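A.B. asks: 30 is the number of the first residue of the sequence shown in the numbering used here; add one for each residue after it.
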Amino acid sequence: MINCKKITVEGSFKHELQIPESWEFAELREVIEIVGGSQPPKSDFHHESGEGLIRLIQIRDYKSDKNIVYIPEDKAKRFVSKDDVMIGRYGPPIFQILKGLEGAYNVALMKAKPRDGVFTNEYLFRYLSNQNLYSYVESASDRTAGQSGVNKRHLEQYPVGVPPVNEQKRIVEKLDELLAQVQSIQTRINKLPNIIKRFRQSVLAAAVSGKLTEQWRGDSEYRDSKVGFEFPVSWNIAEIQSIGEVKGGKRLPKGEELVQENTGYRYVRAGQLKNGTIVNGDMARNTQMYLKAHVQEQIKRYIVKKGDAYITIVGASIGDAGVVPASYDGANLTENAAKICNFSKPVNSDFIGYWLRSQLIQKLIKLEIKSGAQGKLALKRIKILPIPDISLQEQTEIVRLVEQYFALADTLENNLKNAKQRVDNLTQSILAKAFRGELVPQDSSDEPAEQLLARIKKARLEAEILEKAAKKVAKASKAKK
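In structure tokens, the structure reads:
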């Protein structure tokens, strides 16, 4: 941009704004009125509509109609139409820009009303969604009752670039066109994770059915099994207990608790048994916890070793399975999981892990859970789960092929993640360009924003003078009486 105006926004989120010469800077409060909502008591809430009732709009309602609330219309103080631009005052995330509902609105929402036709509602909706403004608001957010909230006074001080009204319309038209294209791309990208997930499931299905190693074996004949699936004629189907021991973990002794301090005695919880391995995450349920030395001494027999297979037996993640990595050799195991260990035959632990994670076995596990007590997978039921009794060489070949295809899926997921980030950034890039005046050409026939603001300021001043005069006359007439 050759001819432009610039301004630096000070504060904890310091940044520079620039606009064309035909635009004008104004504080947000000069061009937008922000009106907070009101909060009726819960005793006025109704969960079904009826005569004399009006819907109470809350932030959550813009995402779902599951929790609609109505209040008596005569108790409503602030009203919103479908075209009104609304600001979510509290978070997370704070400063959600919303529209599309009508009714009364509560204290968690604020209405953004353009003053004197300076902005169109469509332009205002797009403008308030830009990243610079969000970062500015977020940097000075208040905390009320443990929630982050918009600092209204801080927001009202933000310098807004005001374009001519006709240019606003052209900008909105162009934004609608471009952002619709971005939305189309996002919709397509959002479908890909499920496609990759199905690809992984298909690989496992091919692996555990023998299809994956058909060429390696040199035979393609199959026969039915007693457990409801086909398998190669060269395979024998055995029970888990025929290849190794199934043992449970151990709960903490009564009165004892885990500690965050690294005592050297790791305790593996069910939340850590994910993705076919053991994870140390940053969430409360999967971060690494430890045993005190005297506690470990009491339950030292309940440890896992490198290469043991595991399966969770209770809780929301019941049926999650995988293999203990070398880094967790000697760790204690939760009572909410079981291990398959002390193998009596040559086995590839990764093959067992893949077998247990396949949809075929997961369906059997769910059936076992339903037929058991208290939604728990009993050790005796794990022992009789089917497993192919095949050569170590074929197990190893299956693992090699699965890992090869899974590596491809990992690459696709990484590429997808990067592509999604680029597309998500594209929206803000387009908005930033729009509010710098670079999205559509300026038109010299448009009324400059400076003249628009001056005209509005003059009209506002005249209205104030008339209002004062009217009050003066009213006061004088009262005095005569």
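Even glycine gets a Cβ: it sits at the ideal position worked out from N, Cα and C. Since we're looking at a predicted model, the values are computed, not measured.
#1: Below 8 angstroms CB to CB, which residues in the same chain sit around arginine 155 once its five sequence neighbours on both sides are set aside?
#2: Indicate the three-state DSSP secondary structure (helix, strand or coil) for serine 177 in the structure shown.
#3: Is the segment 350–365 touching the segment 322–335, taking contact as three or more C-beta pairs under 8 angstroms?
#4: Could you please give me the residues that DSSP links to asparagine 265 through a beta bridge?
#5: What is the DSSP secondary structure of valine 343, reduced to helix, strand or coil?
#6: Could you check whether the segment 441–454 touches the segment 144–155, counting it as contact only if at least three pairs of C-beta atoms, one from each stretch, sit closer than 8 angstroms?
#7: From glutamine 47 to isoleucine 342, what does the alpha carbon distance come to, in whole angstroms?
#8: Rounded to whole angstroms, what's the CA-CA distance from glutamine 160 to glutamate 467? Just pull it up for me.
#9: Check this for me: beta carbons of arginine 84 and glycine 132, under 8 angstroms apart or not?
#10: Give the single residue among Gln457, Trp264 and Gly310 whose Cα lies nearest to the Cα of serine 164.
#11: In angstroms with no decimal places, state the Cα-to-Cα distance between tyrosine 195 and aspartate 475.
#12: Would a C-beta distance cut-off of 8 angstroms place leucine 130 and lysine 111 closer than the cut-off?
#13: What alpha helix (DSSP H) runs, 4 residues minimum, are completely inside the segment 53–88?
#14: Go through its chain and collect everything with a Cβ distance to proline 69's Cβ below 6 angstroms, but skip five positions before and after it.
#15: With DSSP run on the structure shown, which of helix, strand or coil describes valine 452?
#16: Taking the alpha carbon of valine 376 as the reference point, which residue from Gln391, Glu250 and Ser420 has its own alpha carbon closest?
#17: Buried or exposed: which applies to lysine 368, given that a residue is buried once 16 or more other Cβ atoms fall within 10 Å of its Cβ?
#18: I think alanine 478 touches glutamate 53, with their Cβ atoms under 8 angstroms apart; what is that distance to the nearest whole Å?
#19: Going straight from the alpha carbon of glycine 190 to that of lysine 497, what length do you get?
#20: Which residues does DSSP pair with isoleucine 369 in a beta bridge?
#21: By DSSP, does aspartate 379 sit in helix, in strand, or in coil?
#22: Specify, as a first and last residue, the run of the beta strand (DSSP E) that proline 222 falls within.
#23: Tell me glutamine 317's beta-bridge partners as DSSP assigns them.
#24: Under the rule that 16 or more other beta-carbon atoms within 10 Å means buried, what is threonine 37, buried or exposed?
#25: If we count the other Cβ atoms within 10 Å of its Cβ and call it buried at 16 or more, is glycine 146 buried or exposed?
#26: For serine 168, which residues in the same chain have their Cβ closer than 8 angstroms to its Cβ, ignoring the five residues on either side in sequence?
#27: So is glutamine 244 buried or exposed if we call it buried at 16+ other beta carbons inside 10 Å?
#28: Look at arginine 386 and alanine 350 and say whether their C-beta atoms are less than 8 angstroms apart.
#29: Kindly indicate which residue of Leu208, Asp248, Val64 and Pro143 has the alpha-carbon position closest to the one of alanine 137.
#30: Kindly identify the DSSP beta-bridge partner or partners of methionine 115.
#31: When burial is assigned at 16 or more other CB atoms within 10 Å of the CB, is proline 415 buried or exposed?
#32: If we ignore side chains and look at the alpha-carbon of each, how far apart do asparagine 443 and serine 263 end up?
#33: Report all residues from its chain with a CB closer than 8 angstroms to the CB of lysine 321; omit the five preceding and five following residues, and keep chain order.
#34: Going by the beta-carbon positions, is the gap between tyrosine 187 and leucine 162 smaller than 8 angstroms?
#35: Tell me where the beta strand (DSSP E) around valine 251 begins and ends.
#36: Can you find the residues in the same chain that come closer than 7 angstroms, C-beta to C-beta, to cysteine 370, ignoring five residues on each side of it along the sequence?
C.D. replies: In short, the structure shows the following:
#1: Ile200, Val201, Leu204, Leu460 and Ala463
#2: strand
#3: yes
#4: Asp418
#5: coil
#6: Segments in contact, no.
#7: 60 angstroms
#8: 17 angstroms
#9: yes
#10: When only C-alpha atoms are compared, the closest one is Gln457.
#11: The identity of residue 195 in the sequence shown is asparagine, whereas the question assumes tyrosine. So the two alpha carbons sit approximately 6 angstroms from each other.
#12: yes
#13: 57–60
#14: Ile100 and Lys104
#15: The answer is helix: DSSP assigns valine 452 an H, G or I state.
#16: Answer by Cα proximity: Ser420.
#17: buried
#18: Their Cβ separation, rounded to whole angstroms, is 4 angstroms, which keeps alanine 478 and glutamate 53 in contact under 8 angstroms.
#19: 32 angstroms
#20: Within the DSSP secondary-structure output, isoleucine 369 pairs in a beta bridge with Val275 and Ala338.
#21: helix
#22: First-last for proline 222: 194–237, but that is the alpha helix (DSSP H), not the beta strand (DSSP E).
#23: Looking at the DSSP assignment, glutamine 317 forms no beta bridge with any residue, so it has no partner.
#24: exposed
#25: exposed
#26: Gly40, Ser41 and Phe42
#27: By the neighbour-count rule (16 or more Cβ atoms within 10 Å), glutamine 244 is not buried but exposed.
#28: Contact: yes.
#29: Val64
#30: Leu127 and Lys140
#31: buried
#32: 38 angstroms
#33: Glu285, Val288, Thr292 and Tyr294
#34: Closer than 8 angstroms, so yes.
#35: In the sequence as presented, valine is not what sits at residue 251; that position holds tyrosine. Start and end: 251–253.
#36: Gly273, Glu274, Lys276, Lys334 and Asp337
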